[in-house]
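Just below is one structure, and these are the notes that go with it.
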Amino acid sequence: MSDASLNTTSYDNEAGFGDFFALLKPRVMSLVVFTAFVGLLVAPVSVHPIIGFAAILFIAIGGGASGALNMWWEADVDALMKRTRKRPIPAGKITAGEAKAFGLTLSVMAVVMLGLAANFVAAGLLAFTIFFYVVVYTMGLKRRTPQNIVIGGAAGAFPPMIGWAVATGGISIESVLMFSIIFMWTPPHFWSLALFMNDDYTKAGIPMLPVTHGRRVTRAHILVYTLLLAPVAVGAGFTSIGGPVYLTASVLLNAWFIAGAVKIWRRSEEAAVADKYAAERKFFRISLLYLFLHFGALLAEGILRSFGMGGW
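Sequential numbering of the sequence shown, starting at 784, is according to the working numbering.
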């Protein structure tokens, strides 16, 4: 991908704050901020509120910088897909070069400032996260293999580890488990999206699993990963960050998630087409609730522990 390849777009409208903010993928950033905050709060070491606020801010900026660099590299593909063609670059609001410079500047600033505000273990993890998302996933995997989201999903799983490292200066089994929940959750989440956005991915030439192996295989993969995810998520309830609140929530959420995966696994393509992939769309929405409620339960346990009430 070169900036020159995108210079045919007419940039008649002056970019505003909202256009640059859209480059940061704010909806994705909200997940980064939330999971990083949970990782920070449930850690066994307390952090001064000002340091904690600054750390979460720089983690958010780093996550947003990744989004800007992703949009820079993917602008040609984004222009082909209904879901992404209104993004700032294909919409002609911002040039590819501006997005690249914006993303690189924010990346460097976020990593350096996180190191100064917290520690360089956390900063190193943030730098690796940006590198992994932009270089390994976006540039290396996304257009080459249907396993793109399986491997590349690690990038979205690092924020709670970074938050934990802000507080503790290191990595532990608890932070690895938080990483693992998001890592195992990512394939069924994105594959359910790919089931009903398959035409877009096909048109753009992105080798998502439904494009390369068909929807039947994709549904089976969603079920397998959902079943593998459940013991990881429930298992976190028996560690120092877990407790009865989390464990109860996790058991119920995983039963709900598995039921949804079984439902779409049993469906025929004819049935899915007939109802416009209603079950697949519902599973996608459930997957968002699944992750937020899991980390919300971890947050609740952390708050209860601060009052001497949570945990085992």
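C-beta: ideal position from N, C-alpha, C; glycine also.
Inset, instruction - Starting from the Cα of T1009, find the closest Cα among P832, S1070, V994, I1024 and give me that residue. - result: S1070
Inset, instruction - Quick one: using the 10 Å Cβ neighbour count with 16 as the cut-off for buried, is H831 buried or exposed? - result: H831 is exposed by the Cβ-count criterion.
Legend entry - Residues near K883 in its chain [Cβ-Cβ closer than 6 angstroms; skip 5 each side]: W855
Legend entry - Closest Cα partner of L1074 within the set R1049, A879, F885, Y1029: Y1029
Inset, instruction - Figure out for me which residue from V1007, P970, L899, L824 has the closest Cα to the Cα of G1157. - result: The requested residue 1157 is not part of the displayed model; the chain covers only 784 to 1095.
Inset, instruction - Leaving aside the five residues before and after M980 along the sequence, list all residues of the same chain whose C-beta is less than 7 angstroms from its C-beta, in chain order. - result: R866
Legend entry - Among K925, F966, R999, nearest to E1052 - alpha-carbon criterion: Comparing Cα-Cα distances from E1052 to each of K925, F966, R999, the minimum goes to R999.
Inset, instruction - For the segment 954-967 and the segment 841-856, state whether three or more C-beta atom pairs, one from each stretch, are separated by less than 8 angstroms. - result: no
Legend entry - Run of the alpha helix (DSSP H) containing S1051, from where it starts to where it stops: Careful: S1051 lies outside any alpha helix (DSSP H) and carries neither H nor E.
Inset, instruction - Answer with buried or exposed for F804, where buried requires no fewer than 16 other C-beta atoms within 10 angstroms of its C-beta. - result: Flag for F804 reads exposed.
Inset, instruction - Would you decide whether P1027 is buried or exposed? Buried here means 16 or more other CB atoms lie within 10 Å of its CB. - result: exposed
Inset, instruction - Pull up the distance between the alpha-carbon of V1007 and that of G799, whole angstroms please. - result: 44 angstroms
Inset, instruction - Could you have a look at M864 and say whether DSSP puts it in helix, strand or coil? - result: coil
Legend entry - Any chain C beta carbon closer than 8 angstroms to E957: Although the question refers to chain C, the structure presented lacks it and comprises just one protein chain.
Inset, instruction - Evaluate contact between the segment 943-961 and the segment 895-904, counting only Cβ atoms and requiring at least three cross-stretch pairs below 8 angstroms. - result: yes
Legend entry - When G845, G907, K876 are compared against V811, the one with the closest alpha-carbon: The alpha carbon of V811 has as its nearest neighbour, out of G845, G907, K876, the alpha carbon of G845.
Inset, instruction - Tell me whether E1063 sits in a helix, a strand or coil according to DSSP, three-state version. - result: helix
Legend entry - Contact between the segment 1039-1047 and the segment 985-997 (3+ Cβ pairs under 8 angstroms): no
Inset, instruction - Taking 8 angstroms as the cut-off, decide whether the C-beta atoms of D802 and K869 are in contact. - result: no
Legend entry - 6 angstroms Cβ shell around Y916 - same chain, five flanking residues per side excluded: S849, A938
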